[in-house]
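Below is one structure, written out as structure tokens, with a few remarks after it.
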Amino acid sequence: MRPAAWRRSPSRGPGGGSTDTTPPSRPSRCRGSWGGDVHLRRRPPESRGAGRRRDRCRPRARAIAGLIDRVHARLEATARAVASDWGLRVGKPFAAARHSYVAPAGEDAVLKLTDPSDDEADEEPDALALWRGDAAVRLIRGDRTRRAILIERARPGADIAVLPEERATAVAVAVALRLWRPAGAPFRWIGDHVPRWLDQAEGSAGAAGELIPLARDLSRSLGRSTLVHGDLHHHNILDAGGRYLAIDPKPMLGEPEFDVPPLLWNPISHEMTLEVTERRLAAFAAAGLDEERMRGWSVIRGAYLGADLRFDEHDVEVLRALVRGRR
5 MRPAAWRRSP SRGPGGGSTD TTPPSRPSRC RGSWGGDVHL RRRPPESRGA
55 GRRRDRCRPR ARAIAGLIDR VHARLEATAR AVASDWGLRV GKPFAAARHS
105 YVAPAGEDAV LKLTDPSDDE ADEEPDALAL WRGDAAVRLI RGDRTRRAIL
155 IERARPGADI AVLPEERATA VAVAVALRLW RPAGAPFRWI GDHVPRWLDQ
205 AEGSAGAAGE LIPLARDLSR SLGRSTLVHG DLHHHNILDA GGRYLAIDPK
255 PMLGEPEFDV PPLLWNPISH EMTLEVTERR LAAFAAAGLD EERMRGWSVI
305 RGAYLGADLR FDEHDVEVLR ALVRGRR
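Letter by letter, the sequence shown follows residues 5 to 331 of the working numbering.
What follows is the structure in structure tokens.
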């Protein structure tokens, strides 16, 4: 399992596994559109070092494109078989995803198949079944053997990145509070895997590598265990016509504060600043989350995901500032 890194592009269609206990493997991180992972964390064109960053991303993007083609060829054949068995008329798939095949199934549903390489999604159907359409898209049907799920399609499907800053944060808080709830097996506890993720990131984390010693220290004490979404960010919360629903969970057991960091460095066009980050943290703290744990998880997750998210010295300094003088 690769810890999720909140990787989704705004260019999605309207959005709408097994439960083995194999431990998560390594962080992966870049995401594309409905259910995918293709973009490397992008900056607005006017942002600092934008051209230099694009040059760094091109080789990785080409490699990812080849992988997507291979995965999609394999998953598409399975999708056709599932659609036939379930009597579905499946449309053109949404934008290519690295580890999944996602396509509309009629007007009100989405068929999603996940490649076995994406073991972080093993418990996605379990989480959706537990949430029962409350703050997340509803699970209609599943086939664990073929790693296929039929889920509710959120309409009109715009993600909360289109909302004003304060409104987007308020919606994210409201959705998250309904997702976090007690749970047990088959979900895996995040604390069993964070040390390995940090080990795997060491030596290849770029600027974020500076955070790894601090992240190790901060991760020594983990708190309560509840069901977390695992990949909660602006592009994974969709407008479903008067209500907002989360998609693409990578569910595990952990502190609710674990889910907050991707909401600090998204949406994709967002240039992370200390001022905006502090305002978002304050909104979650006002809802009852532990502010120190949110700050700590921002450093921990930034450390093991920073290379793939293309964090630079500026991003690292913002994360450092979150815990400076507080330990």
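Glycine included, C-beta positions come from ideal geometry on N, C-alpha and C.
Integer Cβ distance of residue 198 from residue 229, believed to fall under 8 Å | With a Cβ gap of about 13 Å, residue 198 and residue 229 do not count as contacting.
Straight-line Cα distance separating residue 300 from residue 188 = 24 Å
Cβ contact check for the stretch 192-207 and the stretch 267-283: 3 or more pairs under 8 Å = no
Near residue 328, which residues of its chain fall below 7 Å by C-beta distance, leaving aside the five closest residues on each side in sequence?
-> none
Complete runs of the beta strand (DSSP E) confined to the stretch 242-307 [at least 3 residues] | 248-250, 256-258
Under the three-state reduction of DSSP, which class applies to residue 118: helix, strand or coil?
-> strand
Going by CA-CA distance only, name the one from 259, 231, 240 that's closest to residue 225.
-> 259
Where the beta strand (DSSP E) through residue 320 begins and ends = No beta strand (DSSP E) holds residue 320; the alpha helix (DSSP H) holding it covers 317-327.
Measure the beta-carbon distance from residue 308 to residue 205 and round it to whole angstroms, keeping in mind my assumption that it falls under 8 Å.
-> 4 Å
Going by the CB atoms, is the gap between residue 232 and residue 269 shorter than 8 Å?
-> no
For residue 155, which of 123, 215, 296, 92 has the nearest alpha-carbon?
-> 92
Below 7 Å CB to CB, which residues in the same chain sit around residue 214 once its five sequence neighbours on both sides are set aside?
-> 320
Based on the DSSP secondary-structure assignment, which residues constitute the bridge partners of residue 156?
-> 113
Within 8 Å, strictly: CB atoms of residue 293 and residue 139 | no
Please list, in chain order, all residues of the same chain as residue 317 whose beta carbon is under 8 Å from its beta carbon, the five residues on each side excluded.
-> 211
What's the C-alpha gap between residue 219 and residue 303?
-> 6 Å
Would the stretch 75-86 and the stretch 125-136 be scored as touching if the rule is three or more Cβ pairs under 8 Å?
-> no
Mapping DSSP to helix, strand and coil, what is residue 4?
-> There is simply no residue 4 to check, as the chain begins at 5 and stops at 331 in what is shown.
Is the Cβ-Cβ distance between residue 108 and residue 142 less than 8 Å?
-> no
Collapsed DSSP secondary structure at residue 313 in the structure displayed = coil
Compare the beta carbon distance of residue 271 and residue 165 with 8 Å and say whether it is the shorter of the two.
-> yes
In chain order, what residues of the same chain have a beta carbon less than 8 Å from the beta carbon of residue 216, not counting five sequence neighbours either side?
-> 202, 205, 206, 209, 307, 308
Kindly indicate which three-state DSSP category residue 217 falls into: helix, strand or coil?
-> helix
Within 10 angstroms of its Cβ, does residue 193 collect 16 or more other Cβ (buried), or is it exposed?
-> exposed
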